[in-house]
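What follows is a short report on a single structure.
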Amino acid sequence: MSLQSSVLTASENQEYINEIHTSLAESEQECWRQLKSAIRRKKDPFKTMTVATCTDRGADARMVVLRRIDPTHKYIWFYTDARAEKVLQLEAFPMATLLFWDEKRQIQLRLTVETRLHTDDYIADEHWETLSVSSRKAYLSEQTPGSEQPRPYPGFPEYLGENLPSEAESEAGRNNFAVIECRVLAMEYLHLSRSGQTRARFQYEPESRMVWLAP
5 MSLQSSVLTA SENQEYINEI HTSLAESEQE CWRQLKSAIR RKKDPFKTMT VATCTDRGAD
65 ARMVVLRRID PTHKYIWFYT DARAEKVLQL EAFPMATLLF WDEKRQIQLR LTVETRLHTD
125 DYIADEHWET LSVSSRKAYL SEQTPGSEQP RPYPGFPEYL GENLPSEAES EAGRNNFAVI
185 ECRVLAMEYL HLSRSGQTRA RFQYEPESRM VWLAP
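This note's numbering numbers the first residue of the sequence shown as 5 and each following residue consecutively.
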């Protein structure tokens, strides 16, 4: 991974380096704090993440939005269309990797997780109720994600166009809505800097352990 010298000025980079905790415990807590703050910040770089999964044909990956986080119990949640191929992949191979990248601060977080699918239970219901109609619009698709189409398809009924569905109309998307619950088994932290890299691993299961790593 190459360093981007233009991302931060020298003074900004040094300021961040001075903020880096030398304690493993403090570093681990800071990682979770940054993830939690991303939930509230629309343009936070940790607001989106890459989810890497396994298939019979090899690896697969895609970007998703971070939706909820529980730093205490080490859980992360994201949403998907229940008909999406990644759902089938995670049902067959529940282990996955979540990858976060902050371009400005040159921070990478790599989480090893075990996933669980929620569709027809109270957890999915609870998350669905928090969605605005604009977010629910994405689950109104009449077509299975990834299916071939004769022409470009917007991912929702074409009659809606740029309009939002009504509250009642949006409920039709509930059957297509799925919550992916991720139990974090381990997290790796990496900070890139010309002044020196910092890398650490925080293991949560099967036993708790924190250790510094060579970058």
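For every residue, glycine included, the Cβ atom is placed at its ideal position computed from N, Cα and C. Here the structure is a predicted model, which is why all the values come from computation and not from measurement.
Integer-rounded CB distance, given that residue j should sit under 8 Å from residue i
i, j, result
"Leu39", "Met214", "About 17 Å separates the two Cβ atoms, so there is no contact after all."
"Ala42", "Lys51", "5 Å"
"Tyr193", "Ser31", "6 Å"
"Leu103", "Met53", "6 Å"
Strand pairing of residue i, partner residues [DSSP]
i, result
"Leu217", "Arg203"
"Ile80", "Ile73 and Cys186"
"Val68", "Met53"
"Cys58", "Ala63"
"Ala96", "Answer by DSSP bridge pairing: none, since Ala96 is not bridged."
"His122", "Val183"
"Ile111", "Asp106 and His195"
Distance CB(residue i)-CB(residue j) smaller than 8 Å
i, j, result
"Ile80", "Val117", "yes"
"Pro149", "Trp105", "no"
"Arg187", "Lys78", "yes"
"Gln33", "Thr57", "no"
"Ala182", "Asp85", "yes"
"Glu185", "Arg120", "yes"
"Arg140", "Ser174", "yes"
"Ala142", "Gly165", "no"
Spatially closest choice to residue i from the options, by CA coordinates
i, options, result
"Arg87", "Ser145, Pro161 and Pro169", "Ser145"
"Gly62", "Trp36, Phe97, Arg71 and Arg37", "Phe97"
"Leu168", "Lys47, Ile43 and Ser138", "Ser138"
"Ala190", "Asn179, Thr101, Arg72 and Arg66", "Thr101"
"Ser199", "Arg72, Glu30, Gln110 and Thr76", "Gln110"
"Leu115", "Trp36, Thr26, Glu30 and Gln201", "Trp36"
"Val69", "Phe82, Asp60, Pro75 and Tyr163", "Phe82"
"Met99", "Thr59, Thr123 and Tyr126", "Thr59"
"Glu95", "Lys108, Arg71 and Thr123", "Thr123"
"Asn180", "Met67, Trp132 and Leu103", "Trp132"
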